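Visitor: Counted from 1, the sequence shown has number 137 at position 101 by the numbering used here; the numbering is strictly sequential.
Virtual Cβ for every residue (Gly too), placed ideally from N, Cα, C.
In this text, all values refer to a predicted model and were calculated from it rather than measured experimentally.
Before I ask anything, here is the structure I am working with.
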Amino acid sequence: MSVTNSDVVDFISISPKGDVVLTISDHLEWNNNEHILILQDKINAYLRFIESGDIYQQYPEARDRNIMVEVVVKYDPDSNGKIFLDRVKEILNEAGYEFRFRILEG
């Protein structure tokens with residue numbers, strides 16, 4: 037499971053506050069624009085999973101809960117990566133979903 041496999045939802049969980057969290061595991065370095073395209077494909081696949089209703093078929097506990105897409109990155113994003121992630125947050129928020137990214141610690 038990783039950002040490079042857009043056909044798979046890496047992780048689904050319920051947060052302590054009750055949100056459904058769809059997590060993307062991103063191990064790639066931010067040294068080229070290909071990374072952004074790969075991540076964009078993965079995020080789009082997650083949106084298709086949500087908007088098609090497949091999430092409720094495969095994970096019935098998601099029904100009637102807020103949905104968050106989380107990207108967990110191994111490396112700190114460069115300036116282009118930060119711009120991209122900020123834009124993703126805007127778009128997902130407008131669509132009614134939460135978005136966050138964090139750097140994997142350790």
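State the DSSP-derived secondary structure class of Val45, mapped to helix, strand or coil.
Guide: What you label residue 45 is simply residue 9 of the sequence shown in a count that begins at 1. In this structure, Val45 counts as coil in the three-state DSSP scheme.
Visitor: Taking the C-alpha atoms as reference points, what is the distance between Ser61 and Ile119?
Guide: Numbered from 1 along the sequence shown, position 25 holds the residue referred to as residue 61. Numbered from 1 along the sequence shown, position 83 holds the residue referred to as residue 119. C-alpha separation (whole angstroms): 19 angstroms.
Visitor: Three-state secondary structure (DSSP) at Arg101?
Guide: Taking the sequence shown and counting its residues from 1, the one referred to as residue 101 is at position 65. If DSSP states are grouped into helix, strand and coil, Arg101 belongs with coil.
Visitor: What are the partner residues of Val107, as DSSP defines its beta bridges?
Guide: Within the sequence shown, numbered from 1, the residue matching residue 107 stands at position 71. Per DSSP, Ile60 and Phe137.
Visitor: Please name the residue in Val39, Asn80 and Ser88 whose C-alpha comes closest to that of Val124.
Guide: Stepping through the sequence shown from its first residue, residue 124 is reached at position 88. Answer by Cα proximity: Asn80.
Visitor: Measure the C-alpha to C-alpha separation of Asp55 and Arg99 and round it to an integer number of angstroms.
Guide: Indexing the sequence shown from 1 puts residue 55 at position 19. Indexing the sequence shown from 1 puts residue 99 at position 63. Looking at the two C-alpha atoms, the distance is approximately 10 angstroms.
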